[in-house]
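Undergrad:
Residue numbers (the working numbering): 386 to 861.
1. List the endpoints of the continuous beta strand (DSSP E) containing residue 844.
2. State the Cα-Cα distance for the pair residue 431 and residue 556, rounded to the nearest angstrom.
3. Are residue 716 and residue 661 touching if we call contact CB-CB under 8 Å?
4. With DSSP collapsed to three states, give me the class of residue 472.
5. Taking contact to mean at least 3 C-beta pairs separated by less than 8 Å, is the region 836-846 in contact with the region 689-709?
6. Once DSSP output is grouped into helix, strand and coil, what is the label at residue 501?
7. Would a C-beta distance cut-off of 8 Å place residue 440 and residue 394 closer than the cut-off?
8. CA-CA distance, residue 686 and residue 768?
9. Between the C-alpha atoms of residue 565 and residue 553, what's the straight-line distance to the nearest angstrom?
10. Going straight from the alpha carbon of residue 472 to that of residue 610, what length do you get?
11. Whole angstroms are fine: how far does the CA of residue 459 sit from the CA of residue 781?
12. Roughly how many angstroms lie between the CA atoms of residue 507 and residue 608, to the nearest whole one?
13. Out of curiosity, what's the CA-to-CA distance linking residue 628 and residue 650?
14. Just mark residue 442 as buried or exposed, buried being the case when its beta carbon has 16 or more other beta carbons within 10 Å.
15. Please go through the same chain and pick out, in chain order, the residues whose beta-carbon is closer than 6 Å to the beta-carbon of residue 825, but skip the five residues on each side of it.
16. Tell whether a beta-carbon distance below 8 Å holds between residue 751 and residue 763.
17. Starting from residue 588, follow the alpha helix (DSSP H) in both directions and report where the run begins and ends.
18. Which residues in the same chain have their Cβ closer than 6 Å to the Cβ of residue 630, if we skip the five residues on either side of it in sequence?
19. Answer with buried or exposed for residue 405, where buried requires no fewer than 16 other C-beta atoms within 10 angstroms of its C-beta.
20. What's the C-alpha gap between residue 709 and residue 729?
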């Protein structure tokens, strides 16, 4: 499968935001639109990409060269980029020697939208949002008898189904000659200002083209300034939040969901999602949010160390806010396609720094409040929790390292791998923050030290023993 991205046009109606650069380089949610295409294609295994460029093509080439991942990008130049997109499609004809997906370069879309097209049971297929009715100049997909009859801004009187076209067309290698013949016919007629969609009438008559409905999935074609505003304010914040619904129980969002406990699911996420949209509009990166969460959490730990009832309440509230922001960094990373190993490592380390500081703060506060009656017991319990948290962090990182060693990981028994996967999915559970808040409100934070000392030490012992038994090769 190859991808042809038509990015030669100028997009005059967006000059105020493009600053006279190609429209595919519009920044949406802190990331160029073009990079979102590359990301989505890479996730689906499409690495051979043809960029048809024209207007200010050097900017597109520079952006593609700066793309952090590996992609095999071929550039073809349409010198007549002021004409219709039919010329751009014809420019890519030599590249289309395989199954191909043809894509307009001005659509913000969830990767599941493209996935639905590439996994279609139809060899040739169009995407259609059946929930959209025509209001202005939307390009509509019209079907009759189970196949596409037209793709046009003019909707005929008779049809079985109609919906807005997304701007993506999948064509099987065997149907490429018919597609190019339909395009060439219009070019020979001198119709160089035609959009390529309007040239496909002959193709639809010759080749059965099916449709894939994507109603309900987040996407938008960005033609006008109001489209860009809607993309940032309405579409972008829903890209990651809708992922679980469209990927089903086997998708990567399933694993992310298992990280959430009851409190995360029904309390923290309710607050974090609106905050994540705000962070996106402010241009905050996920790593900045992670550091902000850590600073607030450390502030909560300092309040705990005061040892007073008011200090305990303030510390618990700050810790709860830090937990909510800890939800935001992952949400923003997924929304802006900014997930990275560095961000994940920073998130894990910062979480544990905050936890260690909170345990130490509560222990010191309890000791300060009753130095005579409690003696050094709070410090002992706090020390156990801090030490156990450090050991657990080392063990978790060790499991992740060994999991990255494919040969060693596969030599383990399936039951052991399942056991470690379960641990990795649940190690980030944040529900204990509500226990801290409850204990603070009841004035019994010293009791929490018994719970956390027992819980963290038990987890650390379990991790050390599991690693010892699971990796006899490593011991040798």
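Glycine included, every Cβ here is placed at the ideal spot set by N, Cα and C.
TA: So, to answer that:
1. Run containing residue 844: none in the beta strand (DSSP E); it sits in the alpha helix (DSSP H), 830-855.
2. 14 Å
3. yes
4. helix
5. no
6. helix
7. yes
8. 15 Å
9. 16 Å
10. 26 Å
11. 42 Å
12. 29 Å
13. Because the pLDDT at residue 628 is just 46, under 50, the model does not fix this residue reliably, and the value given afterwards should be weighed accordingly. Rounded to whole angstroms, residue 628 to residue 650 spans 15 Å at the Cα level.
14. buried
15. 697, 698, 701
16. yes
17. 586-591
18. Unreliable placement is indicated for residue 630, whose pLDDT of 42 sits below 50; the coordinate value is still reported in the next sentence. If we look at residue 630 and ignore the five residues flanking it on each side, it has no Cβ neighbours.
19. exposed
20. 16 Å
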